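Residue numbers (the working numbering), protein chains in the order written: chain A, 188 to 328; chain B, 8 to 554. Take a look at the structure below.
Below you can see the structure in the form of structure tokens.
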């Protein structure tokens with residue numbers, strides 16, 4: 188199978204997921220399997236979004252390089268957060284051929300789905316997010 | 008070879024399942040056709056992103072994603088092709104048991120006034136609000152039959168606004184939970200009466216099936232203990248066990264057949280066999296359409312013939328009109344104390360105080376706390392508007408407050424609009440080549456006014472209960488159909504203004520019946536399934552007597 192994303196796209200993906208749901212005493216989105224969830228989506232229900240993802244991940248990195256002279260994954264978390272917030276508002280320093288808020292919202296939505304949906308989807312390892320919020324810890328068959 | 012039956016039933020849901028059970032036990036030879044499969048708990052799974060409650064990518068209870076489109080006409084008159092999992096499709100489950108295997112299972116009786124809305128409130132301009140041809144007292148024994156033969160848990164004493172009932176519930180009410188305590192306190196301060204929500208759930212073993220295990224997966228999923236009661240585990244197996252009922256799944260009924268004089272003779276249905284589509288016909292003395300308000304209307308409208316050029320029962324252009332459902336106004340509230348104990352079903356307290364008698368408002372509705380939410384549904388719909396959608400702040404909010412929020416909401420009496428309707432999209436076919444349903448229109452603006460009134464009551468209840476903050480937007484005009492879809496083949500005494508008579512028999516036909524919420528003249532301010540069931544028990548008894 189051809190790889191869905193390049194190595195640098197994967198680095199952006201991992202870094203972005205870990206800002207969308209950062210680690211604390213519960214795992215962040217990446218450790219929880221968010222990357223696997225999104226890769227599965229790219230091969231199934233969200234196949235049509237693969238080109239959007241490729242463009243979006245590259246564009247995020249270009250934003251980081253233009254603004255800070257560093258790849259997105261190498262930025263301090265606070266800068267990564269600021270950059271994501273800017274994209275959410277449609278504030279970009281580079282030319283985007285896709286909608287920046289559109290892509291970020293899709294990425295946020297997928298990340299949250301991976302984190303809080305059932306583990307059968309590839310994310311939410313050991314159902315840790317459910318333990319965190321207190322879902323379904325009793326009366327389970 | 009064409010097989011002959013006493014009765015053919017199209018659709019094995021709440022209405023059709025009961026028809027099949029009662030008629031088979033009465034010794035009638037029944038063919039029960041279901042377009043979907045029979046599914047077990049294991050087959051339906053617990054996919055949080057593909058279920059009847061939350062379906063961004065698909066469903067667990069059908070219809071199949073591909074080959075079953077509908078056409079949705081928007082407010083600007085533009086037509087959109089929609090798939091079953093998409094908003095606007097107004098989906099209900101397509102499987103043996105229909106919605107009853109995946110519903111939340113609230114088991115409400117309509118109230119006396121729900122059957123005479125027009126004479127109680129008058130008819131607003133451009134509305135098709137009307138009285139039912141039967142009253143509560145006539146349906147009451149069949150509500151009781153549904154409660155006892157399918158199994159309802161409730162508390163007869165607690166409900167100050169109950170309809171007159173002869174017998175209590177067969178099962179004790181669902182247990183309390185922290186939300187109930189919190190909301191009870193708030194209601195008491197307001198002087199409101201509350202009661203446990205009646206549910207088609209076994210609070211103890213009943214009729215040979217085990218009790219509920221309180222797993223939080225009622226709405227949108229199948230039940231792991233089989234303690235949630237629907238037709239799939241009651242009347243359908245009862246019917247099948249007589250040997251008089253033949254169930255064919257994956258069978259899509261194309262049309263109700265008539266002879267050259269226009270009399271109903273049976274149905275033609277399609278099945279896929281070894282990759283090819285096979286067309287079969289069956290003959291019967293009686294045909295019953297019970298496919299849900301949208302698909303039943305579609306079936307009748309698609310059953311055109313020389314004698315019935317606009318479809319069956321549609322001489323007066325009434326089939327498919329007055330499509331109704333329920334608006335669900337509501338609010339979320341945040342509390343300092345824990346409101347969620349991790350147990351299902353979650354819904355535990357209701358008030359029926361505002362179903363009627365609200366000055367200047369037509370009808371009203373019941374309010375209750377919501378079922379336990381899947382975390383992903385909570386994230387999508389229950390976050391206050393100022394909480395960030397991502398980042399450490401979002402994670403913290405989810406962690407701290409999933410168990411400290413309450414969502415109050417409830418179904419509002421839909422004021423019907425004859426222009427909200429099901430038609431046939433002649434240019435769009437399903438995978439079998441059958442023209443699909445086209446949905447258009449909105450509810451009547453009076454529904455929004457009633458919904459606004461109930462929204463304010465929900466807010467009042469939440470604030471009185473001690474919520475530290477309350478959020479959620481007011482209702483706005485739109486189509487309401489969905490899983491509570493109703494009204495497309497309404498009952499009545501006058502053939503000029505109704506599709507069927509008081510027994511669900513299509514006017515001008517001796518042997519064509521409707522048995523689902525299509526019959527509902529109005530849809531009550533309650534979940535409608537117990538009324539579908541009661542009507543089916545009543546009509547089945549009547550058909551059995553005549554056959």
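Think of the CB as a built atom: it goes at the ideal place given N, C-alpha and C, for glycine as much as any other residue. The structure displayed is predicted, hence computed values, not measured ones.
Taking all protein chains shown into account, residue 303 (chain B) has 16 or more neighbouring C-beta atoms within 10 Å of its C-beta and is therefore buried. In this structure, the alpha-carbon of residue 491 (chain B) lies about 10 Å from that of residue 106 (chain B). One finds 300, 304 and 308 in chain A with Cβ atoms closer than 7 Å to the Cβ of residue 56 (chain B), taken in chain order.
For residue 232 (chain A), the residues of chain B that pass the 7 Å Cβ criterion are 64, in the order they occur in the chain.
Counting other Cβ atoms within 10 Å of its Cβ, residue 314 (chain B) stays below 16 and is therefore classed as exposed. Residue 132 (chain B) is classed as exposed because its beta carbon has fewer than 16 other beta carbons within 10 Å across all chains shown. Annotated three-state conformation of residue 535 (chain B) is coil, per DSSP.
The residue among B:554, B:541, B:488 and B:553 with its C-alpha nearest the C-alpha of residue 24 (chain B) is B:541.
With 16 or more other CB atoms across the displayed protein chains lying within 10 angstroms of its CB, residue 79 (chain B) is buried.
Scanning its chain for C-beta atoms nearer than 6 Å, with the 5 sequence neighbours on each side dropped, one finds around residue 95 (chain B) the residues 79 and 89, in chain order. In its chain, beyond the 5 residues on either side, 520 have a beta carbon closer than 6 Å to the beta carbon of residue 512 (chain B). Under the DSSP assignment, residue 87 (chain B) falls outside any alpha helix (DSSP H), being part of the beta strand (DSSP E) whose first and last residues are 86–89.
Separation of residue 456 (chain B) and residue 211 (chain A) (C-alpha to C-alpha, rounded to the nearest whole angstrom) is 46 Å. When rounded, the separation of the alpha-carbon atoms in residue 273 (chain B) and residue 293 (chain B) is 7 Å. Considering only beta carbons, no part of the stretch 32–46 of chain B lies closer than 8 Å to chain A. Within chain A, the residues placing a beta-carbon under 9 Å from that of residue 398 (chain B) are 206, 207, 208, 209, 268, 271 and 272, ordered along the chain. Nearest to residue 168 (chain B) by alpha-carbon distance, out of B:119, B:151, B:128 and B:126, is B:119.
Scanning its chain for C-beta atoms nearer than 6 Å, with the 5 sequence neighbours on each side dropped, one finds around residue 205 (chain B) the residues 114, 159 and 161, in chain order. Taking a Cβ-Cβ threshold of 7 Å, the residues of chain B close to residue 316 (chain A) are 382, in chain order. Note that the C-beta distance between residue 496 (chain B) and residue 537 (chain B) is not below 8 Å. The shortest CA-to-CA distance from residue 12 (chain B) to any of B:480, B:505, B:322 and B:289 is the one to B:289. Looking at B:487, B:458 and B:507, the one whose alpha-carbon comes closest to that of residue 321 (chain B) is B:507.
Between the stretch 463–471 of chain B and the stretch 330–342 of chain B there are three or more C-beta pairs closer than 8 Å, enough to call the two in contact. Under the DSSP assignment, residue 339 (chain B) falls in the beta strand (DSSP E) whose first and last residues are 337–341. Residue-level contact check: residue 386 (chain B) touches chain A, since one or more beta carbons of chain A fall below 8 Å from its beta carbon. Secondary structure within the stretch 99–166 of chain B: the alpha helix (DSSP H) runs of 4 or more consecutive residues, fully enclosed, are 124–128 and 143–153 (chain order).
Proximity of residue 409 (chain B) to chain A, defined by a Cβ-Cβ separation below 8 Å, is satisfied. At a cut-off of 3 residues, the continuous stretches assigned as beta strand (DSSP E) that sit fully inside the stretch 464–493 of chain B are 476–478. Taking all protein chains in view, the Cβ of residue 284 (chain A) is surrounded by fewer than 16 other Cβ atoms within 10 Å, so the residue is classified as exposed.
Not one beta carbon of chain B lies nearer than 8 Å to the beta carbon of residue 229 (chain A). For residue 8 (chain B), not one C-beta of chain A is nearer than 8 Å to its own C-beta.
The beta carbon of residue 539 (chain B) lies closer than 7 Å to those of 21, 22, 523 and 524 in the same chain, with the five residues before and after it left out. When rounded, the separation of the alpha-carbon atoms in residue 74 (chain B) and residue 326 (chain B) is 24 Å. Shown here, residue 430 (chain B) sits in a strand according to DSSP, grouped into three states. Counting along the chain, the unbroken beta strand (DSSP E) around residue 296 (chain B) starts and ends at 283–296. When DSSP reads this structure, residue 273 (chain B) sits in a beta bridge with B:264 and B:290.
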